[in-house]
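Heads up: the sequence shown is residues -24 to -1, 1 to 325, going by mature numbering (1 follows the signal peptide of the UniProt record, and there is no 0).
Don't be surprised by glycine CBs; every beta carbon is placed ideally from N, CA and C.
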Amino acid sequence: MTNRTILLAGAAALALGYATAVSAETKTLYVGMNGGNFERTYTQAVFPDFEKANDVKIVVVPGTSSDILAKATAAKDKPQMHVMFLDDGVMVRAVGAGLCEKLKPSPELDEILPNARLKGDMAAGVDLGMTGLAYNKKLFDENGWAAPTSWMDLADPKFQGKVVFQSAAASSFGLHAFLMFNRIQGGSEDNVEPGFEKFRDTIGKNVIEFIPNSSKISEMVQTGEAAIFPLTPTSVATLKDKGIPVEYAQPKEGSVVLMVAECVIAGNSEPELAQKLAAYLLSAEAQSNALAAGNIVPSNPKAKARTPEAEKKLETFHGYMKTAVTLDWDVINAKRPEWNSRWNKTIEQ
């Protein structure tokens, strides 16, 4: 073998080795979602199986639904994320803005509940929830107060200075509570005048603080500042797991459906892998893991609770869903900027 032949063979081997290394390079998928419990649950209990099976790394881009939507909008021409989780109302906006591509047909998509499939399968629910009322059990017991039963309990004079209310301009929880109050006053999503006219002199009089999200609630419950506030059963369960003395109460007027949905971002750099991940996240396996690790309520009825206690929680949740109210997000999204401005000027001024 000549030196030239040896050199050529060596070069070919190096090239082959390089090509093999490149082809075997682990890909990265970026998923936008809420931080805190969601990020922790999926990072620790859901993503690892998919990463191992597909030789991929999943990186969470944390933020509120509004934050994630803003990031996706800013990078619409060259997406930086592959999949995103958004609250249902925000997801309707994302679909309308052309930020999502249709989910590919899959057995997993066919398994989820029909009302968890959004806008012609442009998005699908991964977590079923609802906004109702939560209360400080320790404070209620000390004062001999009965558990709340109505959204109008937020306006009860005995809770003056003890109501914590999420900003309707920044939080789905706050918006849900405001719109249910508005309905009780005779309004609708098409007519929010009753709510705006009466809020300040009813619930507003009792509010100690308007908060942009729910992160401060655990602290305010422990200090005794917060007695009653809008929250989801899932959030209540998470706080209780941490030893925070809170309980959930289903309002007699109904809670408000709050679904976290996923969509594959249109024009992303790994469309096939992103679709594969989206399908996996709808599977009974993935959703059983999310339920066990983070109280994420499954949209796939085949997902199973793994303990009798978890099964009981799931049954209770399904009972709440029977009276849950679904809002008209097309109307809400069309009017939301106007409402936000009015809320900031007249309620939180």
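Going by DSSP, Q136 is part of no alpha helix (DSSP H) at all; its letter is neither H nor E. Of all alpha-carbon atoms in S231, L85 and L5, the one lying nearest the alpha-carbon of S148 is that of S231. With contact defined as three or more Cβ pairs closer than 8 angstroms, the stretch 95 to 110 and the stretch 250 to 269 are in contact. When only Cα atoms are considered, Q198 and I272 end up about 24 angstroms apart.
Rounded to the nearest angstrom, the gap between the Cα atoms of Q56 and I187 is 30 angstroms. In the DSSP assignment, G8 is bridged to V37 and M60. In the DSSP annotation of this structure, G171 is not part of any beta strand (DSSP E); the continuous alpha helix (DSSP H) holding it starts and ends at E169 to K174. Rounded to the nearest angstrom, the gap between the Cα atoms of A48 and G72 is 13 angstroms.
V301 and A281 have their C-alpha atoms spaced approximately 25 angstroms apart. Per DSSP, V301 lies in no beta strand (DSSP E) and is assigned neither H nor E. Each of P209, L253, Q251 and A254 was checked against the Cα of V233, and the nearest Cα belongs to P209. If you compare the alpha carbons of K52, K3 and K113 with that of E223, the shortest gap goes to K113. Contact between the stretch 56 to 67 and the stretch 236 to 251 is present, with at least three C-beta pairs closer than 8 angstroms. Straight-line measurement puts the Cα of L253 at about 42 angstroms from the Cα of E201.
Under the three-state reduction of DSSP, R93 is assigned to strand. For the alpha helix (DSSP H) assignment, the uninterrupted runs of no fewer than 4 residues enclosed by the stretch 210 to 289 are, from N- to C-terminal side, 247 to 257 and 260 to 270.
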